[in-house]
Structures are given as structure tokens and as C-alpha cells.
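Student: This is the structure, below, for whatever I ask next.
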């Protein structure tokens, strides 16, 4: 879900559906909108020589899309062994129960309400399927249950809605919290600096080949917006609606309801830090 139209990092051109790295293939859900960009990216990840695949974010409850994901897996000579969720928003998770039924897989997520099976997900956990390794990275902020998945073999990170391929992510107040989100961005930045991650496989939009640049862009964007909101309040724009009208005047009005959620999160953050 996006609240701005600027481009972070260096987006990779070309089709949004298909191979993105040696181990990751995207199947784009047909749910394009101002909030979902071109649609939800459903990621299939597997070791090149494995017959097992992991699917991340089956997407909306769209039978055609879910079957397309399964067909893509099977055409590669594999079967789905596990389903993972980056977070519980419907454009990522609504189809998970149906997908689990079609594939006979468990669904693992941070939120117990989204799980099918006995196992959840914990920060730092290493998921191993058919030789594939994914490391769970806790990235709350967009939502309280947001996770990313580090794919070390491809020097990539699957970011859900924490970092998008185009635009910037809203902080879905009150579940999402800006302080948490800033900490999560710093955690992702450390992956780019300390662990060599250079590719972002986002939940919406194109693949980004400059992960560090994307994260730095996000941090700078948040600092800029916070300063704008603080100035707007100082100038008498005290309600979230007034702040949106003043600060987000350059954003498509169809996105103003989402912008208001981010503004509420920013106001909460500024008040909590004694800045307004």
C-alpha cells in the first residue's frame, strides 16, 4: 500500500511477472489499484535443483490467481511445500486459506489468527525447505505483524509492504506505529550494509536492485514528512485532515484516506517524543 509516487532505489524494468533472481519468481495478482500499484506480488522461492517451493503472500481470494501460482510451480517441476505471509492485509493474505486447501500446505505467519498448522514465525528464525534458506526479519511498522524474509543465497530480501518497488509505504495507524517502522527500516539498512543484501523483492511494484538506496530513500522521506507535519501543526493545522490537505497536496486525492492513517501515526510519534 502506497502513499506517494516517488521512486526509491533503482527499479528494474520489464515485466513484473517472472524470474527475479536465481531462486525467486513473481506471479502478479490481478488486483491493481492506487493502493496496490500493479497488483500484489506473490513470490515463489526455491533452490534451483529442488522439487520443493515456498510461496510467500498468496494474495487476494482470486481462484484464477491462486491456480496460476500453482501452475507456475508445477511447470517448474516442483510442488508447494509451505506458505508464508509477510502480514495480514487482505491483498496479501486473503487467499491463504484457499491456497492452503489447494496445495495441502501449512500457512505460517506472525499473527496466530492467520496460521494454519502449529508453527508460527519468530524473528531470526531460519526456514529450510528443500535446501532453501529464508531468515525471518521482524519489521513491524506498516502493521504490527509485518515481517520480511532474507534470502541470503540471492543477496535479496522479500519485503512485503515494508519497502515497495514504487512509492512509499503507509504506516497503518493505529496497528502500525512510526517508531517501529523507522526501527525496521534501520534493521533493513543493516542487512544491506552488513549482510550484502542488494535486491528488494517487494510486495508491490518492480524489483529494486539498489536495496541500500531504497532504504535510505525511505528514511529520508520519513524525516522529510515528519518535518512537514511538525511545521503544519505549528502553523495551526491541528487535525489529521487539515495536515493531509496541507502536507499531501501533491498526492492523488484517492490516496488521502491512506495518507491520513500515516499522518495519524506521525502525529502520535511527534507527541510521544514531545515535539508537538
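Residue numbers (this note's numbering): 5 to 280. Each residue gets a CB set at the ideal place from its N, CA and C atoms; glycine is no exception.
Pull up the distance between the alpha-carbon of residue 274 and that of residue 178, whole angstroms please.
Tutor: Distance between the alpha carbons of residue 274 and residue 178 is about 14 Å.
Student: Under a Cβ-count criterion, where at least 16 other Cβ atoms within 10 Å of its own Cβ denotes burial, should residue 231 be classed as buried or exposed?
Tutor: So residue 231 counts as exposed.
Student: Which of the three DSSP states is assigned to residue 204 in this structure?
Tutor: Three-state DSSP puts residue 204 in a strand.
Student: Drop a sphere of 10 angstroms on the beta-carbon of residue 130, count the other beta-carbons inside from all chains shown, and report buried for 16 or more, exposed for fewer.
Tutor: Exposed, because fewer than 16 other Cβ atoms sit within 10 Å of the Cβ of residue 130.
Student: Which residues bound the alpha helix (DSSP H) around residue 224?
Tutor: Residue 224 -> alpha helix (DSSP H) spans 215 to 238.
Student: Pick out the complete alpha helix (DSSP H) segments inside the region 27 to 71, 4 residues or longer, and give them in chain order.
Tutor: Runs of the alpha helix (DSSP H) inside the region 27 to 71: none found.
Student: Specify, as a first and last residue, the run of the beta strand (DSSP E) that residue 347 falls within.
Tutor: The chain is shown only over 5 to 280; residue 347 falls outside these bounds and no answer can be derived.
Student: Alpha carbon to alpha carbon, how far is residue 172 from residue 192?
Tutor: Going by the C-alpha atoms only, they are around 15 Å apart.
Student: CB-CB under 8 Å to residue 83, same chain, minus the five flanking residues each way: which ones, in chain order?
Tutor: Excluding residues within five positions, the ones whose Cβ falls inside 8 Å are 55, 56, 57, 77, 107.
Student: Can you name, in chain order, every residue of its own chain whose Cβ lies under 8 Å from the Cβ of residue 123, other than the five neighbours on each side?
Tutor: Hits under 8 Å: 110, 112.
Student: Which two residues bound the contiguous alpha helix (DSSP H) that contains residue 182?
Tutor: 182 to 198 is the span of the alpha helix (DSSP H), which, as asked, contains residue 182.
Student: If you reduce the DSSP assignment to three classes, tell me which class residue 1 lands in.
Tutor: No statement about residue 1 is possible, as the shown extent of the chain runs from 5 to 280 and does not include it.
Student: Using a Cβ distance threshold of 8 Å, determine whether the region 26 to 40 contacts the region 184 to 201, with at least three qualifying pairs required.
Tutor: At 8 Å Cβ cutoff, the stretches do not touch.
Student: According to the neighbour-count rule (16 or more other Cβ atoms, all chains shown, within 10 Å of its Cβ), is residue 132 buried or exposed?
Tutor: Exposed, because fewer than 16 other Cβ atoms sit within 10 Å of the Cβ of residue 132.
Student: Assign residue 270 to buried or exposed, taking buried as 16 or more other Cβ atoms, counted over all protein chains shown, within 10 Å of its Cβ.
Tutor: Residue 270 comes out buried.
Student: Output needed for residue 264: all residues of its chain with C-beta closer than 8 Å, excluding positions within five of it in sequence on either side, in chain order.
Tutor: Taken in chain order, the residues that qualify are 244, 245, 248.
Student: Within 10 angstroms of the Cβ of residue 215, are there 16 or more other Cβ atoms? Answer buried if so, exposed if not.
Tutor: Answer is buried; the Cβ neighbour count reaches 16.
Student: Measuring only the C-alpha atoms, how far is residue 44 from residue 240?
Tutor: Those two C-alpha atoms are separated by around 38 Å.
Student: Whose C-beta lies closer than 7 Å to the C-beta of residue 226 among residues of the same chain, with five residues either side of it excluded?
Tutor: Excluding residues within five positions, the ones whose Cβ falls inside 7 Å are 186.
Student: In angstroms, rounded to a whole number, what distance separates the CA positions of residue 117 and residue 99?
Tutor: Cα to Cα, the separation comes out at about 14 Å.
Student: Helix or strand or just coil, what does DSSP make of residue 166?
Tutor: Of the three classes helix, strand and coil, the one that applies to residue 166 here is coil, per DSSP.
Student: Are there 16 or more other CB atoms within 10 angstroms of the CB of residue 149, so buried, or fewer, so exposed?
Tutor: Buried is the call here.
Student: Which of helix, strand or coil does DSSP assign to residue 22?
Tutor: Here residue 22 sits in strand by DSSP.
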